[in-house]
Structure formats: C-alpha cells, structure tokens
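Okay, structure first, notes after.
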Amino acid sequence: LRLILLGPPGAGKGTQAARIAQKYGIPHISTGDIFRKNIKEGTEFGKKAQEYMNKGELVPDNLVLEIAEARLIEEDCKNGFLLDGFPRTVYQAEQLDKFLQERNLTIDKVLDINVDKEILKTRLVGRRVCRNCGATYHVINMPPQKDGICDVCGGELYQRSDDSAATVENRIEVYNAQTKPLVEYYESTDRLAHIDGAIGSSDVVFNNIVSVLGA
Ligand code: AP5
Ligand code: ZN
Numbered sequence: 002l003r004l005i006l007l008g009p010p011g012a013g014k015g016t017q018a019a020r021i022a023q024k025y026g027i028p029h030i031s032t033g034d035i036f037r038k039n040i041k042e043g044t045e046f047g048k049k050a051q052e053y054m055n056k057g058e059l060v061p062d063n064l065v066l067e068i069a070e071a072r073l074i075e076e077d078c079k080n081g082f083l084l085d086g087f088p089r090t091v092y093q094a095e096q097l098d099k100f101l102q103e104r105n106l107t108i109d110k111v112l113d114i115n116v117d118k119e120i121l122k123t124r125l126v127g128r129r130v131c132r133n134c135g136a137t138y139h140v141i142n143m144p145p146q147k148d149g150i151c152d153v154c155g156g157e158l159y160q161r162s163d164d165s166a167a168t169v170e171n172r173i174e175v176y177n178a179q180t181k182p183l184v185e186y187y188e189s190t191d192r193l194a195h196i197d198g199a200i201g202s203s204d205v206v207f208n209n210i211v212s213v214l215g216a
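Put into structure tokens, the structure is as follows:
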C-alpha cells in the first residue's frame with residue numbers, strides 16, 4: 002500500500018499518519034520529521050532546512066527530493082509507505098512520479114484532509130509534541146493525562162518553533178499558493194479521496210479514512 006497524505010498545516014496529517022502506519026503496517030515518512038531530526042542533530046542539511054522552516058517557507062525542492070528519495074529506497078519501504086508532507090509542490094510530485102515509474106510502482110491513494118483556516122490556527126497554536134517519541138497532543142482538544150508529560154513514554158512535551166501565531170499564518174498562505182495545486186494534480190488520476198478533517202475527534206476522522214482504504 003502506497004499512500005500520500007495531503008492537507009494544510011494542522012489538518013491532522015501527523016495524527017492520522019501514526020494510526021494509518023500502525024494499522025496497515027507501513028512506514029510513516031514525514032519530511033518535516035526528517036528535517037527536525039537533522040536540525041536537532043546539527044547536520045549541514047538541518048542547518049540549511051532550518052532557515053526556511055523557521056519562517057514557514059518551503060525547503061527548496063532539490064534538498065527535499067534528495068532526502069525523500071534516499072528514504073524511499075530503504076528496505077522497509079519495499080512493501081509500501083505513507084508519505085506525510087511530501088510531495089508539497091507540483092515539481093516534487095512530478096519527480097516522485099518519475100522515481101516510482103522507474104521502479105514500476107504507483108501511488109494507490111492520495112488522502113486530502115480538509116480543515117477550515119480558523120480551526121487550523123487554533124490547532125497549531127495549541128499543539129504540543131513529545132520531545133522523545135514525537136506523539137502529538139493539543140492543550141484543549143487532546144490534552145495529555147499529566148500536564149506537559151507524554152502519555153506514551155513519559156517524555157517532555159514542547160511547542161514547535163514554527164507554531165507561533167505569525168508563522169502559522171504564513172505556513173497556511175504558503176500551503177494555499179504552493180501545495181494546494183497538488184489537489185488538482187492528483188484529482189486527474191482518480192486516486193484522490195477527500196477527507197473532512199474537522200468532522201469530529203481524531204477517532205472519527207480515522208474511521209472515515211479506514212472506510213476509504215478498506216479494513
Ligand atoms: P511539516 O512537519 O510537514 O508540518 P505541516 O505540514 O505544517 O503539518 P503539521 O505537522 O503542522 O500539521 P499536521 O497536519 O501533521 O497536524 P497534526 O496531526 O500535528 O512541515 C514543517 C516544515 O518543514 C514546512 O513548513 C517546510 O518548511 C518544511 N517541509 C516539510 N516537508 C517539506 C516538503 N516536502 N517540501 C518543502 N518543505 C517541506 O495536528 C495538529 C493539531 O491538531 C495537534 O495538536 C492535534 O492534536 C490536533 N488534532 C488533530 N486531529 C484533530 C481532530 N480530529 N480534532 C481536534 N484536534 C485535532
Ligand atoms: Zn512520548
């Protein structure tokens with residue numbers, strides 16, 4: 002099973018991706034997570050990506066493609082994968098298609114998660130993430146049992162540096178300008194499924210995704 006998760010920042014891609022990956026036994030590949038890991042480890046790549054991420058701009062396509070393709074040729078991607086936050090420009094999508102075609106592979110489904118802008122902003126500003134295992138919480142919608150502590154692993158929760166109100170606004174604009182055209186790109190191939198990401202709790206959204214993908 003090869004899947005792509007599309008949707009604006011805060012739509013719930015990361016939240017749903019963790020569950021989809023677990024249910025269908027495929028690796029969850031988030032280019033954002035790969036960049037954040039590089040930043041934490043202080044790699045050259047991380048230093049380059051950080052400049053863009055802090056402003057809410059997209060990292061240049063050549064850097065993204067290098068990282069994504071290196072990940073996709075790893076052994077665990079052989080029987081499928083779930084892409085979260087990649088591709089994010091039409092050029093990235095074209096290059097991904099080319100990469101897959103060369104290997105006789107195709108994308109099975111593209112899930113486009115939709116949420117209104119006002120809800121996105123509230124979700125992002127209230128998001129907290131576990132420093133240790135990456136689990137995602139929300140101070141109001143999905144609070145941890147103990148304040149500031151991860152339910153899963155006991156790790157410390159932090160706020161992403163790009164989740165400030167000003168940067169969130171720019172990320173949403175960048176999404177509309179540069180990533181939204183991908184909806185049309187995939188619509189033409191009838192692999193696209195629209196998912197209402199604000200219809201209810203993350204359980205409700207997940208059940209709708211499962212009904213699209215099959216149990
Ligand atoms: P990335 O890490 O991909 O972030 P993003 O796309 O901005 O998405 P988010 O992680 O912010 O949101 P999400 O949809 O995963 O939402 P979540 O599940 O956490 O990218 C970061 C940066 O890296 C980019 O700005 C760019 O610079 C760079 N980058 C990455 N990939 C790139 C690429 N391919 N090309 C170029 N640059 C790239 O949920 C959000 C909140 O809502 C959480 O608090 C959650 O608890 C809550 N929530 C989730 N579902 C529900 C629900 N149903 N009801 C109520 N609350 C909910
Ligand atoms: Zn944790």
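Heads up: the sequence shown runs through residues 2 to 216, numbered per the UniProt record's numbering. C-beta: ideal position from N, C-alpha, C; glycine also. These numbers come from a predicted model, not from an experiment.
Within the model, the alpha-carbon separation for Gly-11 versus Asp-113 is close to 13 Å. Taken in chain order, the complete alpha helix (DSSP H) segments of 4 residues or longer contained in the region 49-81 are 62-73. Counting C-beta atoms within 10 angstroms of its own C-beta, Gly-13 has 16 or more neighbours from the protein chains shown and is therefore classed as buried.
Bridge partners of Ile-27 according to DSSP: none are assigned. The beta carbon of Thr-137 lies closer than 7 Å to those of Gly-15, Thr-16, Arg-128, Val-130 in the same chain, with the five residues before and after it left out. Not one heavy atom of ligand 1 lies closer than 6 Å to the C-beta of His-29. Distance from the CA of Leu-158 to the CA of Cys-151, rounded to the nearest whole angstrom, comes to 6 Å.
Look at Thr-190 here: in three-state DSSP terms it is coil, with no helix or strand label. In the structure shown, the three-state DSSP call for Asn-177 is helix. Judged by the Cβ position, Val-169 fails to qualify as a neighbour of ligand 2 at the 6 Å threshold, every heavy atom of the ligand being at least this far.
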